[in-house]
Every structure is written in structure tokens, then in C-alpha cells.
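Colleague: Mind looking over this structure? Questions follow.
Residue numbers (the UniProt record's numbering): 1 to 422.
In C-alpha cells form, the structure reads like this:
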């Protein structure tokens with residue numbers, strides 16, 4: 001049998017689906033040069049064929065390939081065939097009802113991290129400037145105007161403000177406007193591209209029980225998201241012990257911690273309806289209503305036009321007196337706040353009647369060096385009862401060396417602090 005005939009028969013054989021194995025193909029080689037005649041041409045045994053060594057390899061490969069193809073299509077499957085995973089349908093419940101994720105996707109790119117760095121101090125391991133304090137902010141103009149809290153920027157000399165965007169890029173920032181009374185400030189960065197922004201909504205339309213989302217950089221963890229509801233729309237400044245202010249704060253139970261200050265509180269439409277400002281305890285946080293912010297922005301724009309952009313802005317008290325630098329932000333503890341704290345934390349003494357809660361402590365500040373910690377409650381300074389944050393500022397006008405009595409858990413501590421000139 002010739003090689004061509006054998007090749008054709010093999011192919012026809014494997015097209016036939018009735019057999020499972022190959023017949024035994026017996027073969028003998030012959031050497032063309034020696035013309036071996038041991039094999040008789042034209043033998044009636046069809047299982048014998050004449051094949052040279054170079055043809056044998058091609059024939060064998062054809063036979064093996066045909067066998068594998070036939071087995072693949074006809075033998076039972078040893079392993080089950082599993083279809084590849086397919087994307088979840090866009091009309092699933094996680095797409096219909098996950099409204100918080102939709103809001104975050106819309107707004108998170110406009111939220112920034114704000115760090116205050118000390119040019120004279122470097123980290124031992126990295127060699128980079130030490131970050132004294134940090135907070136959050138959000139972009140309200142494509143050309144780099146950022147809104148934040150004034151206390152986030154309240155630092156001493158020889159420091160600089162650094163802004164880190166959502167994509168990780170960092171820029172130095174300059175302070176444009178600051179109002180210590182309302183605790184609002186704007187800073188600006190120079191960027192060669194249009195930046196994402198958050199639309200300013202209306203806090204006047206806010207209702208108790210409405211869902212809100214807080215975005216910020218707590219504990220330097222950028223782009224952290226928490227959600228909650230509005231507890232109260234009109235928490236007055238006197239209720240919080242903030243004298244000389246007519247502002248009504250938004251109270252929410254959204255989880256806010258250190259570093260969230262200056263970040264946006266947004267509604268389900270992705271609009272900023274407040275600025276996260278302070279936290280008293282778990283479930284008790286306050287935000288500045290965005291309607292007050294709009295008034296601040298109008299006044300700030302008018303002042304910037306009068307004095308000209310680029311001029312340095314001194315950080316002064318509302319009454320114009322220079323403030324001594326202690327390095328803390330405080331919240332006055334009113335009777336109502338003390339009751340809520342005592343209900344949530346059994347370590348708060350029942351005889352506590354007044355004081356201020358230390359909200360943040362700037363790294364490297366006099367307060368930090370002396371051992372003051374966030375969460376401490378200041379009850380006395382130099383023996384004088386502290387009724388509000390205004391009392392602390394009044395003392396700092398004339399005295400730099402302070403003996404501070406604080407409550408830390410169930411302990412009462414005496415801490416000596418020497419304030420610096422700002």
C-alpha cells in the first residue's frame with residue numbers, strides 16, 4: 001500500500017465514528033538504496049504497507065492527531081466544563097439601591113487631603129518634613145480654589161500647607177481667606193489642568209432623618225467615606241458653648257474623626273450641604289451649614305478684590321489681637337453635651353459641670369510636647385474654672401505659662417504648658 005493511500009484511509013477511518021481504537025498497523029521499512037525485497041509488493045494483507053522512514057513520522061503524527069480529535073468529541077468528559085464568569089447584570093439590586101456608592105463616585109475625586117508641614121523638622125527615616133496636623137477640604141472651583149475649616153490651617157510660623165489630590169499628586173497651597181469666628185477658610189493651588197469640583201447645595205432644605213455622607217481624610221487616610229442621617233438641622237451655637245456666633249450647626253451621626261475637619265457633608269444628590277467641623281463623641285458630630293459658607297465666600301471674594309490676590313494673610317483672632325499658639329482645637333462642653341457624653345461613656349464624672357473638650361492636638365505644638373491628648377477635658381487653667389473655649393483664649397491674652405487640669409478617663413491630671421507667640 002502506498003503512503004498516499006494509507007494517509008487517505010486513516011482520515012476516512014477517523015471520520016467513521018463507530019470504532020474506538022486504531023487497528024494495529026504493522027509496518028516494515030525498506031531502504032531505497034539497498035532495495036530490500038523482504039516485503040512482497042502487492043501482498044493481500046492490507047495491514048502491511050511500504051513506508052520509508054521520512055514518511056513514517058508524518059503518518060504517525062496524522063494518526064495521533066486524528067485520535068485525539070476523535071476522543072475529544074466522543075469520549076465522556078472527565079472534568080466538567082465551567083463557563084467563564086459573566087458581569088453582574090446592571091439591573092441588579094446592588095446597582096438599583098446602592099445610592100451611597102453612586103454619590104461617592106460622583107464626589108470623591110474633588111475631596112483633598114490637607115497637611116501642615118514643618119520645614120525645620122524632618123522625619124528620621126524618610127527625610128521629609130514632619131506633618132504637624134492634617135485635615136480635609138474640597139474643590140469648589142476648577143482653577144484650584146479649596147474650601148476647608150480655619151482651624152485646620154491654624155499653625156505657627158515656618159510651616160507650609162500641602163494639598164494632596166484624589167489621584168495622589170501634591171501641590172503647595174496658599175491661604176486666600178480665613179475667618180476664625182465662623183471657622184471657615186479658602187486656600188488655592190496652581191494646577192495646569194481643570195480640577196473636579198463639588199456643587200454647593202442648600203442646607204435650608206435639609207430635613208432631620210435625611211441621609212448624608214461624610215468624606216474626608218481621618219487619621220491621614222485619604223478618601224474615607226462614612227454615612228449617617230441628620231439628627232438635628234438647627235443646633236445653635238450657644239448650645240455648643242460658642243459665644244458671639246449666630247450659626248446653627250447640623251448635627252449628624254455619621255462617623256467623623258480627626259482629619260475629617262474641612263471635608264464635605266453631602267446629600268444623596270452629591271451636593272455639599274455642610275462642612276464637617278467637630279465631633280463630640282461617637283454618633284455626635286457637627287457640620288457648618290453650606291448656606292453660611294456661601295455668605296463667607298461672598299465676603300471673602302470682595303475682600304480679596306480689595307487687597308489684591310497674592311498678599312499674605314495673617315492668622316489673627318476676630319478682635320484683631322494676636323493669639324498665642326497652644327496647638328489645640330477645642331469644643332465647649334455645655335450641659336446638654338455633658339449629659340450626652342455621660343450617657344455614652346460611663347467614665348465621664350457625674351459631677352462635671354463645665355469644661356472644654358480637646359478635639360485635636362497639632363504634632364510638635366506646645367500642647368503636644370506637654371502631653372495633652374485628643375479627648376482630654378480641660379476643667380481648670382491656673383486654678384481658674386474653664387467654662388468655655390472663650391475662657392481659654394482670654395487667659396492666653398496675658399499668660400503664657402499654663403497649669404492645666406484635665407480629665408482623662410477616670411484620671412485627673414496636671415499638665416504644664418508654655419504657649420508660644422504665633
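Ideal placement from N, C-alpha and C gives every residue a C-beta, glycine not left out.
Apply the 10 Å Cβ neighbour rule to residue 349 and answer buried if 16 or more other Cβ atoms are within range, or exposed otherwise.
Modeller: On the chain shown, position 349 is the one that residue 349 refers to. Exposed, since its Cβ has fewer than 16 Cβ neighbours within 10 Å.
Colleague: Measure the alpha-carbon distance for residue 289 versus residue 209 and round it to whole angstroms.
Modeller: Start at 1 with the first residue of the chain shown, and residue 289 comes out as number 289. Start at 1 with the first residue of the chain shown, and residue 209 comes out as number 209. Between residue 289 and residue 209, the C-alpha separation is close to 16 Å.
Colleague: Residue 146 and residue 189 - do their beta-carbons sit closer together than 8 Å?
Modeller: Residue 189 sits at position 189 when you count from the first residue of the chain shown. Residue 146 sits at position 146 when you count from the first residue of the chain shown. In contact: residue 189 and residue 146 (Cβ atoms closer than 8 Å).
Colleague: Am I right that residue 268 and residue 99 are in contact with their C-beta atoms under 8 Å? What's the rounded C-beta distance?
Modeller: The residue you call residue 268 lines up with position 268 of the chain shown. The residue you call residue 99 lines up with position 99 of the chain shown. Contact holds; Cβ gap of about 6 Å.
Colleague: Ends of the alpha helix (DSSP H) at residue 342?
Modeller: Translated into positions along the chain shown, residue 342 becomes position 342. Its alpha helix (DSSP H) spans residues 335-344.
Colleague: Assuming residue 122 and residue 130 are in contact, meaning their beta carbons sit under 8 Å apart, how far apart are those beta carbons, in whole angstroms?
Modeller: What you label residue 122 is simply residue 122 of the chain shown in a count that begins at 1. What you label residue 130 is simply residue 130 of the chain shown in a count that begins at 1. About 7 Å separates the two Cβ atoms, so the contact holds.
Colleague: Put residue 387 into one of helix, strand or coil per three-state DSSP.
Modeller: Position 387 of the chain shown holds residue 387. Here residue 387 sits in coil by DSSP.
Colleague: Going by DSSP in three states, residue 210 sits in which element: helix, strand or coil?
Modeller: Counted from its first residue, the chain shown places residue 210 at position 210. DSSP places residue 210 in coil when its eight states are reduced to three.
Colleague: Compute the Euclidean distance between the alpha carbons of residue 114 and residue 368, then round it to the nearest angstrom.
Modeller: The sequence position of residue 114 within the chain shown is 114, counting from 1. The sequence position of residue 368 within the chain shown is 368, counting from 1. Cα-Cα distance, rounded: 20 Å.
Colleague: Return helix, strand or coil for residue 41, following the three-state DSSP convention.
Modeller: On the chain shown, residue 41 is found 41 positions in, with the first residue counted as 1. Residue confidence is low: residue 41 scores 46 on pLDDT, short of 50, so the model does not pin down where it sits. Its coordinate-derived value is still stated next. Looking at residue 41 - three-state DSSP - the assignment turns out to be coil, as it is neither helix nor strand.
Colleague: CB residue 404 to CB residue 417, shorter than 8 Å?
Modeller: Stepping through the chain shown from its first residue, residue 404 is reached at position 404. Stepping through the chain shown from its first residue, residue 417 is reached at position 417. With respect to the 8 Å criterion, residue 404 and residue 417 are classified as neighbours on the basis of their beta carbons.
Colleague: Could you tell me the alpha carbon to alpha carbon distance between residue 411 and residue 110, rounded to whole angstroms?
Modeller: Counted from its first residue, the chain shown places residue 411 at position 411. Counted from its first residue, the chain shown places residue 110 at position 110. Roughly 42 Å separates the two Cα atoms.
Colleague: In three-state DSSP terms, what is residue 297?
Modeller: Sequence index remark: in the chain shown, residue 297 carries index 297 (1-based). Of the three classes helix, strand and coil, the one that applies to residue 297 here is helix, per DSSP.
Colleague: Can you tell me the Cα-Cα spacing of residue 322 and residue 391, whole angstroms?
Modeller: Looking up residue 322 in the chain shown gives position 322. Looking up residue 391 in the chain shown gives position 391. Confidence at residue 322 is low in this model, with a pLDDT of 46, below 50, so its placement is unreliable and the value that follows should be read with caution. In a straight line, the C-alpha of residue 322 is about 16 Å away from that of residue 391.
Colleague: Note down the Cα distance separating residue 103 from residue 325, rounded to an integer number of angstroms.
Modeller: Numbered from its first residue, the chain shown carries residue 103 at position 103. Numbered from its first residue, the chain shown carries residue 325 at position 325. The alpha-carbon atoms of residue 103 and residue 325 are separated by roughly 39 Å.
Colleague: By the 10 Å Cβ neighbour count, where 16 or more other Cβ atoms means buried, how is residue 450 classified, buried or exposed?
Modeller: Outside the modelled stretch of the chain, which goes from 1 to 422, sits residue 450, for which no answer is possible.
Colleague: Looking at C-beta atoms only, is the number of pairs between the segment 377-388 and the segment 351-361 that lie closer than 8 Å three or more?
Modeller: Taking a cut-off of 8 Å for Cβ pairs, the segment 377-388 and the segment 351-361 touch, as three or more such pairs fall below it.
Colleague: Check whether the Cβ atoms of residue 360 and residue 169 lie closer than 8 Å to each other.
Modeller: Counting from one through the chain shown, the residue named residue 360 turns up at place 360. Counting from one through the chain shown, the residue named residue 169 turns up at place 169. It is not a contact, given that the beta carbons lie outside the stated cut-off.
Colleague: Just tell me which of 203, 225 and 224 has its CA closest to the CA of residue 467.
Modeller: No answer is possible for residue 467: the residues shown for the chain start at 1 and end at 422.
Colleague: Determine the extent of the alpha helix (DSSP H) in which residue 107 is found, giving its start and end residues.
Modeller: Counted from its first residue, the chain shown places residue 107 at position 107. Note, residue 107: alpha helix (DSSP H), 99-107.
Colleague: How many Å lie between residue 255 and residue 194 at the Cα?
Modeller: Here residue 255 refers to the residue found at position 255 when the chain shown is read from its first residue. Here residue 194 refers to the residue found at position 194 when the chain shown is read from its first residue. Each residue's alpha carbon lies about 31 Å from the other.
Colleague: Return the CA-CA distance between residue 262 and residue 216, expressed in angstroms with no decimal places.
Modeller: What you label residue 262 is simply residue 262 of the chain shown in a count that begins at 1. What you label residue 216 is simply residue 216 of the chain shown in a count that begins at 1. Computed Cα separation, rounded: 8 Å.
Colleague: Could you tell me which uninterrupted beta strand (DSSP E) segments, each at least 3 residues in length, are contained entirely in the segment 266-294, listed from first to last along the chain?
Modeller: The qualifying runs are 272-281 and 284-289.
Colleague: Name the one or two DSSP bridge partners that residue 264 has.
Modeller: Along the chain shown, one-based indexing puts residue 264 at 264. DSSP, once it has assigned bridges, lists 275 as partnering residue 264.
Colleague: So what does DSSP say about residue 176, is it helix, strand or coil?
Modeller: As a first step, residue 176 must be located in the chain shown, where it is residue number 176. Residue 176 falls in the strand class under three-state DSSP.
Colleague: Provide the residue span of the alpha helix (DSSP H) that contains residue 133, from first to last.
Modeller: As a first step, residue 133 must be located in the chain shown, where it is residue number 133. Premise fails: residue 133 lies in the beta strand (DSSP E), 129-139, not in any alpha helix (DSSP H).
Colleague: Return the bridge partner residues of residue 116 from the DSSP annotation.
Modeller: Residue mapping note: residue 116 aligns to position 116 of the chain shown, counting from 1. Looking at the DSSP assignment, residue 116 forms a beta bridge with 133 and 161.
Colleague: In whole angstroms, give me the CA-to-CA distance for residue 197 and residue 227.
Modeller: Along the chain shown, one-based indexing puts residue 197 at 197. Along the chain shown, one-based indexing puts residue 227 at 227. One C-alpha to the other measures close to 20 Å.
Colleague: By a C-beta neighbour count over all protein chains shown, 10 Å radius and 16 as the cutoff for buried, is residue 332 buried or exposed?
Modeller: Here residue 332 is taken as the residue at index 332 of the chain shown, counted from 1. Residue 332 should be labelled buried.
Colleague: I'd like to confirm the pairing. Which residues does DSSP put opposite residue 380 in its beta bridges?
Modeller: Residue numbering aside, residue 380 sits at position 380 when the chain shown is read from its first letter. The partner list for residue 380 (beta bridge, DSSP) reads 385 and 405.
Colleague: In terms of residue numbering, what span does the beta strand (DSSP E) encompassing residue 185 cover?
Modeller: As a working mapping, residue 185 is identified with position 185 in the chain shown. Where residue 185 is concerned, the enclosing beta strand (DSSP E) stretches over 184-188.
Colleague: Below 6 Å CB to CB, which residues in the same chain sit around residue 185 once its five sequence neighbours on both sides are set aside?
Modeller: Looking up residue 185 in the chain shown gives position 185. Hits under 6 Å: 148, 150, 153 and 178.
Colleague: Between residue 378 and residue 406, is the Cβ-Cβ spacing less than 8 Å?
Modeller: Taking the first residue of the chain shown as 1, we reach residue 378 at position 378. Taking the first residue of the chain shown as 1, we reach residue 406 at position 406. Going by C-beta atoms, residue 378 is nearer than 8 Å to residue 406.
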